[in-house]
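Numbering (our numbering), first residue to last: 3 to 228.
Glycine included, each C-beta is placed from N, C-alpha and C at the ideal position.
Worksheet: the structure to be examined is printed underneath.
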């Protein structure tokens, strides 16, 4: 039990929203947390649902997505262990602007809006930290929109591989933690096009594909393509 509590506290302290908080403040946050365990494919919330709080991923993977009027799904973000999502409703008190679903067996921490707002009123430092992370999310969303609007698919894929290399801390080898179908949705393309581009990148000796692992052979070349 103590190990679990310590792990959760370590995860919370590593989240930008909560970085710099004292141990007592982190303990206050833990007191309002609700643990949620989801199976792969289980929905978390649907676009339009009341924004009653936000989440932190302890273990697992979560996709944030929107569905068009034609029924086509577009993934906006993949949330991994140690990251938070759906913070905007905490401040706005509005409905969720997108849907969320577990794409792997996941353990989430849910922070109810009412309890968290009360906590913020007692901790101005926490409020400033939350504003900082929301600004960061806005920047990420802007970059995502720019990539979809201005870059061709090869450039989007190159940028995504470089992002994974940075996130995973390995400039030579990245592991794909989601399916090619989900990656293609994230990049605004089709699985067939994604496969063709991966093959072309391999033919140009930019990468080497080994199932779910991609070896980066020419880091500079990917940067130029991105």
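- Message: Quick test of your reading: residue 100 and residue 49, contact by CB under 8 Å. State the CB separation rounded to the nearest angstrom.
- Response: The residue labelled residue 100 in the question sits at position 98 within the chain shown. The residue labelled residue 49 in the question sits at position 47 within the chain shown. Confirmed, Cβ separation roughly 5 Å.
- Query: What residues in its chain sit with their C-beta under 7 Å from that of residue 13, if we drop five residues either side in the sequence?
  - Reply: Within the chain shown, residue 13 is the residue found at index 11, counting from 1. So the list reads 58, 60, 84, once near-sequence residues are dropped.
- Report the residue from 124, 68, 96, 88 whose alpha carbon sits nearest the alpha carbon of residue 30. Residue mapping note: residue 30 aligns to position 28 of the chain shown, counting from 1. Here the closest residue by C-alpha is 124.
- Item | Contact set for residue 117: own chain, Cβ-Cβ below 6 Å, skip 5 residues either direction | On the chain shown, position 115 is the one that residue 117 refers to. Excluding positions up to five away in sequence, the list reads 34.
- Task: Assign residue 29 to one of three DSSP states: helix, strand, or coil.
- Result: Within the chain shown, numbered from 1, the residue matching residue 29 stands at position 27. Here residue 29 sits in helix by DSSP.
- Message: Is it buried or exposed, residue 171, if we count other Cβ atoms within 10 angstroms and call 16 or more buried?
- Response: If you number the chain shown from 1, residue 171 lands on position 169. So residue 171 counts as exposed.
- Query: If you follow the alpha helix (DSSP H) that residue 222 is part of, which residue opens it and which one closes it?
  - Reply: Position 220 of the chain shown, counted from the first residue, corresponds to residue 222. It spans 221 to 227 - the alpha helix (DSSP H) in which residue 222 sits, taken as one unbroken run.
- Query: Quick one, which of 10, 159, 51 has its alpha-carbon nearest residue 245's?
  - Reply: The requested residue 245 does not occur in the structure, where the chain is confined to residues 3 to 228.
- Query: Excluding sequence positions up to five away, which residues of its chain have a Cβ less than 6 Å from the Cβ of residue 191?
  - Reply: Residue numbering aside, residue 191 sits at position 189 when the chain shown is read from its first letter. So the list reads 155, once near-sequence residues are dropped.
- Message: Assuming the contact rule is C-beta atoms closer than 8 Å, residue 87 and residue 64 should be a hit. Round their C-beta distance to whole Å, please.
- Response: Residue mapping note: residue 87 aligns to position 85 of the chain shown, counting from 1. Residue mapping note: residue 64 aligns to position 62 of the chain shown, counting from 1. Confirmed, Cβ separation roughly 7 Å.
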